[in-house]
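There are 2 protein chains.
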Amino acid sequence: MTDALPVGATVGILGGGQLGRMLSVAAARLGLKTHIYEPGAGAPAGDVAHRVTTASYDDVEALTAFGNAVDVITYEFENIPTSALDLLETLAPIHPGRQALATSQDRLVEKTFLQDLGLQTAPFADVTDAASLTAALDRIGTPAILKTRRFGYDGKGQARIMMAADADAALADMAGAPAILEGFVNFSHEVSVIGARGPDGAVACYDPGENVHEDGILRTTTVPARLTPGQRTDAVLIAAKILNALDYVGVMGVELFVTPKGLIVNEIAPRVHNSGHWTQNGCTICQFEQHIRAVAGWPLGDGTRHADVVMENLIGDDMDRVPEIAKTGAAVHLYGKAEVKSGRKMGHVNRITG
Amino acid sequence: MTDALPVGATVGILGGGQLGRMLSVAAARLGLKTHIYEPGAGAPAGDVAHRVTTASYDDVEALTAFGNAVDVITYEFENIPTSALDLLETLAPIHPGRQALATSQDRLVEKTFLQDLGLQTAPFADVTDAASLTAALDRIGTPAILKTRRFGYDGKGQARIMMAADADAALADMAGAPAILEGFVNFSHEVSVIGARGPDGAVACYDPGENVHEDGILRTTTVPARLTPGQRTDAVLIAAKILNALDYVGVMGVELFVTPKGLIVNEIAPRVHNSGHWTQNGCTICQFEQHIRAVAGWPLGDGTRHADVVMENLIGDDMDRVPEIAKTGAAVHLYGKAEVKSGRKMGHVNRITG
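Now the structure itself:
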């Protein structure tokens, strides 16, 4: 821990949403200050941060001041413009590093990386125009999903192709952006591993959680997940393999499909992950502190699961249920977002179930 | 929960030390903002608060602006000047209320209150001058402790009287302040109950912890405490009796001496308490969130203990041990105080022991 950030040092966080908010609290627990960089006003993370810069990612002056004011930089979302990263990395270390970002920012690069590691993914093909889409559909078949290679989240920038006749409309949906065609995977359920890796190469993974999505948004994560002991080991080994291959520093979310042919990697997120929120009430050291520990050069903490937990996201009008939920033994975590919007993540609940 | 503070409402906290810091984080978890009022610059709570006012407790303008900017007021220490409270209570509700503060701010009032409730305390007597001290020593005997009635903490404002000849020096130490003579209690160990009471009268107490002090400062708290089932029940009943008698809203710390003649109340603190820090890693809802829940009109949360914990304070140079402690499975909580001083509480560690 020679190089660990001392008490009072500042962690810069790109993005001021709920993940930045919970990272900020975790940093405070280790005696660190945080400085949030966020284009939008009234960022949830701002309530618990030492400083907030409200500026866009192309504001060179603001980025420079931010980079000079912090001791290390991390982020709560992966779609940070490359130009901002190019500037910031000259001013302070960025963890997780550029390789992890470059890999996860582009679905084609990510899938190719995973395949090169010997891991299973959905069948995929590069799509740049109508001809390459036709060729891809010939190989992969239908149903399939056409997705933009970059900047996709929560089901946006995606078009299903149920039959060949849907291809033109799907391609039009991409609006000329480079795309990837992904074949459907016949899976029974989805699990995710939240893994952490320190600068010394130490790896610690949380027990896999089982995820249920609705309308492309995570609804619940349940631990323990329905996995055989062998699958559980595989899941953790897959996450560790990815972390090591990227020389990763920080917490990563790895989504996996459970199939009769083994675990198939759906996607990786180089950050703390919604499906790891259960760790706040199921472990001594939660994913947010684990991430800050890694980024700040602390040894990784104890992520052993001590309880069975169901994490439920509170989305939009789910907030109406908070008064009832608060009466139960559940742990409520709200993000301080005053305006309720449909599909907006407003908070989450961790229920201890055993 | 009709009157619960809505998301985005602001809790005002008097005092910006580590308790304010951890209260602020707990408030954020419930979607609330905090506004810290603290005379000293660079307050630890400021790192995780939405707003900070740096001003003295006799700054009427600053107090007025603070009172108008918040939806409810709470505090991290009990020695708030009465004039500040008189002003603030006209601007926003203060929880815990004035009665609890008035009782705990004055050792004589507190002991009398406890005795009137039928609870056991150390023998005590009002001391205003040499004559009353002589009379008190005649009744109580030596050894005894002379303490100022108000504004004592961590062993300050206290003088031991081992024999009658020490009386003059002890009285001189009081510097003319009203004092109380307390007889020694022959106790085997000290425990404390962290109790909470909501505005609806609901009471929830954490499992008692066993405290070890060094040089008048809390060193460790261990749960479970060494108590018989009967003593454990008594401890919780005593705390509940005090909470109800004060029509209390919030968390209170009740220190108890374990003696062959039963539990003797040492003192009460109308706030979150150092001996309740173990709850951060031993319970789903910690004392800080429990306090905010009560103060904000939320239902009390689940404070069931799910682990055995030893909490150790990190005082002064104990910070040198943090790198080693960080390598263990323990949960480290640092307060962000850059300057290490002898006797200064810098952080604490919660070790799960079972």
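Top line first, the protein sequences correspond to chains A and B. In terms of the working numbering, the first sequence is residues 291 to 644. In terms of the working numbering, the second sequence is residues 291 to 644. Cβ coordinates follow ideal geometry from the N, Cα and C atoms, glycine included.
Where residue i falls, given that 16 or more other Cβ within 10 Å makes a residue buried
{"i": "Lys437 (chain B)", "result": "buried"}
{"i": "Val286 (chain A)", "result": "In the structure as shown, chain A starts at 291 and stops at 644, and residue 286 (chain A) therefore has no counterpart that could be examined."}
{"i": "Val362 (chain B)", "result": "buried"}
{"i": "Phe441 (chain A)", "result": "exposed"}
{"i": "Met601 (chain B)", "result": "buried"}
{"i": "Ala465 (chain B)", "result": "exposed"}
{"i": "Val481 (chain B)", "result": "buried"}
{"i": "Asn476 (chain B)", "result": "exposed"}
{"i": "Asp419 (chain B)", "result": "exposed"}
{"i": "Thr643 (chain A)", "result": "exposed"}
Backbone secondary structure at residue i - three-state DSSP
{"i": "Thr574 (chain B)", "result": "coil"}
{"i": "Met609 (chain A)", "result": "helix"}
{"i": "Glu629 (chain A)", "result": "coil"}
{"i": "His581 (chain A)", "result": "helix"}
{"i": "Met636 (chain B)", "result": "strand"}
{"i": "Thr518 (chain A)", "result": "coil"}
{"i": "Lys323 (chain A)", "result": "strand"}
{"i": "Leu248 (chain B)", "result": "The question about residue 248 (chain B) has no answer, for chain B in this structure spans 291 to 644."}
{"i": "Val297 (chain B)", "result": "coil"}
{"i": "Val539 (chain A)", "result": "coil"}
{"i": "Val562 (chain A)", "result": "coil"}
{"i": "Gly473 (chain B)", "result": "strand"}
{"i": "Leu508 (chain B)", "result": "strand"}
{"i": "Thr343 (chain B)", "result": "strand"}
{"i": "Ala335 (chain A)", "result": "helix"}
{"i": "Gly644 (chain A)", "result": "coil"}
{"i": "Thr549 (chain A)", "result": "strand"}
{"i": "Gly387 (chain A)", "result": "coil"}
{"i": "Gly499 (chain B)", "result": "strand"}
{"i": "Ala467 (chain B)", "result": "coil"}
{"i": "Ala529 (chain A)", "result": "helix"}
{"i": "Leu381 (chain A)", "result": "coil"}
Any chain A beta carbon closer than 7 Å to residue i
{"i": "Asp490 (chain B)", "result": "no"}
{"i": "Val315 (chain B)", "result": "yes"}
{"i": "Arg319 (chain B)", "result": "yes"}
{"i": "Leu624 (chain B)", "result": "yes"}
{"i": "Gly619 (chain B)", "result": "yes"}
{"i": "Ile326 (chain B)", "result": "no"}
{"i": "Gly298 (chain B)", "result": "yes"}
{"i": "Ala425 (chain B)", "result": "no"}
{"i": "Ile642 (chain B)", "result": "yes"}
{"i": "His340 (chain B)", "result": "yes"}
{"i": "Lys437 (chain B)", "result": "no"}
{"i": "Ala616 (chain B)", "result": "yes"}
{"i": "Asp419 (chain B)", "result": "no"}
{"i": "Asp505 (chain B)", "result": "no"}
Endpoints, beta strand (DSSP E) assigned at residue i
{"i": "Ser482 (chain A)", "result": "479-487"}
{"i": "Phe414 (chain A)", "result": "414-417"}
{"i": "Arg595 (chain A)", "result": "Taken as a continuous stretch (DSSP letters only), Arg595 (chain A) belongs to no beta strand (DSSP E), as it is neither H nor E."}
{"i": "Gly365 (chain B)", "result": "One detail in the question is off: residue 365 (chain B) reads as Tyr in this sequence, not Gly. It spans 362-365 - the beta strand (DSSP E) in which Tyr365 (chain B) sits, taken as one unbroken run."}
{"i": "Asn369 (chain A)", "result": "Run containing Asn369 (chain A): none; DSSP gives neither H nor E here."}
{"i": "Leu624 (chain B)", "result": "621-624"}
Element boundaries [alpha helix (DSSP H), containing residue i]
{"i": "Gly645 (chain A)", "result": "With chain A running from 291 to 644 in the structure shown, residue 645 (chain A) is simply not present."}
{"i": "Leu377 (chain A)", "result": "372-378"}
Chain B contact for residue i (CB, 7 Å cutoff)
{"i": "Asn237 (chain A)", "result": "In the structure as shown, chain A begins at 291 and stops at 644. Residue 237 (chain A) is therefore absent and cannot be evaluated."}
{"i": "Thr574 (chain A)", "result": "yes"}
{"i": "Trp588 (chain A)", "result": "yes"}
{"i": "Leu604 (chain A)", "result": "no"}
{"i": "Lys631 (chain A)", "result": "no"}
{"i": "Asp361 (chain A)", "result": "no"}
{"i": "Ala628 (chain A)", "result": "yes"}
{"i": "His638 (chain A)", "result": "no"}
{"i": "Lys635 (chain A)", "result": "no"}
{"i": "Lys551 (chain A)", "result": "no"}
{"i": "Asp497 (chain A)", "result": "no"}
{"i": "Lys323 (chain A)", "result": "yes"}
{"i": "Asp337 (chain A)", "result": "yes"}
{"i": "Asp610 (chain A)", "result": "no"}
{"i": "Asp293 (chain A)", "result": "no"}
{"i": "Asp598 (chain A)", "result": "no"}
query: Counting only runs that start and end within the stretch 391-464 of chain A, where is the beta strand (DSSP E) found for 3 or more residues in a row?
result: For secondary structure counted as the beta strand (DSSP E) over 3 or more consecutive residues, the stretch 391-464 of chain A holds these complete runs in sequence order: 414-417, 434-438, 448-451.
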